[in-house]
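Structure, as structure tokens:
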Amino acid sequence: MGNGVREGPVEFQRDVEPVTARIPAEDNQEKKKVLNSLMSGALAGAVAKTAVAPLDRTKIMFQGSSWADLSLQEAYRLIYHTYLNEGFWSLWRGNSATMVRVIPYAAIQFCAHEEYKQILGNYYGFQGKALTPFPRFIAGSLAGTTAAMVTYPLDMVRARMAVTPKEMYSSIVHVFIRISREEGLKTLYRGFTPTILGVIPYAGLSFFTYETLKKVHAGKS
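Read in order, the letters of the sequence shown correspond to residues 1 to 221 in the UniProt record's numbering.
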């Protein structure tokens with residue numbers, strides 16, 4: 001009887017201590033996961049956008065110019081024409097503003113996607129398991145929408161810097177100030193609604209495809 005009374009608390013303490021000891025480790029692991037998502041997303045976005053910056057600027061120039069038809073041949077001519085008249089590095093004009101937008105956009109999107117996956121996984125009862133198709137699509141859509149809402153004004157600034165003469169704007173901050181003073185703050189969110197309507201299916205399908213292929217690959221390996 002006496003031995004039984006003494007052993008009870010000892011066994012209880014043995015059961016509790018490992019649980020409390022694991023909490024700080026789990027918190028640190030979660031922080032590392034979030035940081036890795038932010039860094040990976042930022043780096044991936046920066047490299048990808050820098051590589052295609054000349055094509056992106058060409059597209060914007062087509063949208064704001066009097067060139068008749070958008071085709072591969074006309075795009076090549078416009079790139080070559082820009083190179084001859086403004087120099088090689090002019091093809092990357094506005095890329096600094098693009099980086100200011102893309103880096104936080106990609107970082108927020110990747111990090112938000114991981115968080116939304118966890119939230120939806122808990123809601124639908126898939127903790128630690130791959131989501132089913134519909135929650136997978138929703139997680140991607142919510143991640144893209146979150147990133148777009150936060151960084152949309154930077155996209156407006158990027159477009160302005162890409163198509164206007166260099167003398168008009170001295171820096172990204174200068175673009176913000178001039179647009180705010182001369183056109184109003186609402187201008188920074190002009191076209192936001194159609195953009196979001198495009199982001200929802202685009203981000204949803206992108207992450208849905210990524211997660212689906214990752215699941216298929218994991219099943220085969």
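Idealized CB from N, CA, C, for every residue including glycine.
(message) Taking 7 Å as the limit between beta carbons, can you name the residues of its chain near serine 90, skipping five residues before and five after?
(response) Excluding residues up to 5 positions away in sequence, Thr82 lie with their Cβ nearer than 7 Å to the Cβ of serine 90 in the same chain.
(message) Please report the distance separating the alpha-carbon of alanine 42 from that of arginine 101.
(response) Distance between alanine 42 and arginine 101, taken at the CA atoms: about 10 Å.
(request) Answer with buried or exposed for phenylalanine 137, where buried requires no fewer than 16 other C-beta atoms within 10 angstroms of its C-beta. (result) Flag for phenylalanine 137 reads buried.
(request) Answer with buried or exposed for phenylalanine 110, where buried requires no fewer than 16 other C-beta atoms within 10 angstroms of its C-beta. (result) Burial of phenylalanine 110 is indicated by the presence of at least 16 other C-beta atoms within 10 angstroms of its C-beta.
(request) With DSSP as the reference, label proline 153 as helix, strand or coil. (result) Helix, per DSSP.
(message) Judging by CA-CA distance, which residue of Ser37, Leu38, Glu74, Ile179 is the nearest neighbour of leucine 55?
(response) Checked all of Ser37, Leu38, Glu74, Ile179; the closest Cα to leucine 55 is Glu74.
(request) Over the uninterrupted alpha helix (DSSP H) stretch that includes serine 171, give me the two end residues. (result) Careful: serine 171 lies outside any alpha helix (DSSP H) and carries neither H nor E.
(message) Given a cut-off of 8 Å on the beta-carbon distance, is the pair tyrosine 124 and alanine 143 in contact?
(response) No; because the gap between Cβ atoms is not below 8 Å, this pair is not in contact.
(request) State buried or exposed for leucine 35, treating a residue as buried only when at least 16 other CB atoms are found within 10 Å of its CB. (result) An exposed status is given to leucine 35, since fewer than 16 other beta-carbon atoms sit within 10 Å of its beta-carbon.
(request) Buried or exposed for serine 141, please, with buried defined as at least 16 other CB atoms from any protein chain shown within 10 angstroms of its CB. (result) Residue burial annotation: serine 141 is buried, with at least 16 other C-beta atoms found within 10 angstroms of its C-beta.
(message) Rounding to the nearest angstrom, what Cα-Cα distance links proline 194 and methionine 149 in this structure?
(response) Using only the alpha carbons, I get a separation of about 12 Å.
(message) If I measure Cβ to Cβ from alanine 21 and keep anything under 7 Å in the same chain, skipping five residues before and after, which residues do I get?
(response) For alanine 21, the pLDDT reaches just 48, beneath the cut-off of 50, and the residue's location in the model is therefore unreliable, although a value from the coordinates is still provided. Spatial neighbours of alanine 21 in its own chain (CB-CB distance under 7 Å, excluding positions within 5 residues in sequence) are not present.
(message) For residue 277, tell me which candidate among Ala218, Glu211, His174, Ala203 has the shortest Cα-Cα distance.
(response) Summary: the structure shown does not reach residue 277, with the chain confined to residues 1 through 221, and so no result is reported for it.
(request) Report the three-state DSSP secondary structure of glycine 125 (helix, strand or coil). (result) Note: glycine 125 maps to coil in three-state DSSP.
(request) Check lysine 166 in the structure and name its three-state DSSP category. (result) DSSP places lysine 166 outside both helix and strand once states are collapsed to three, so it counts as coil.
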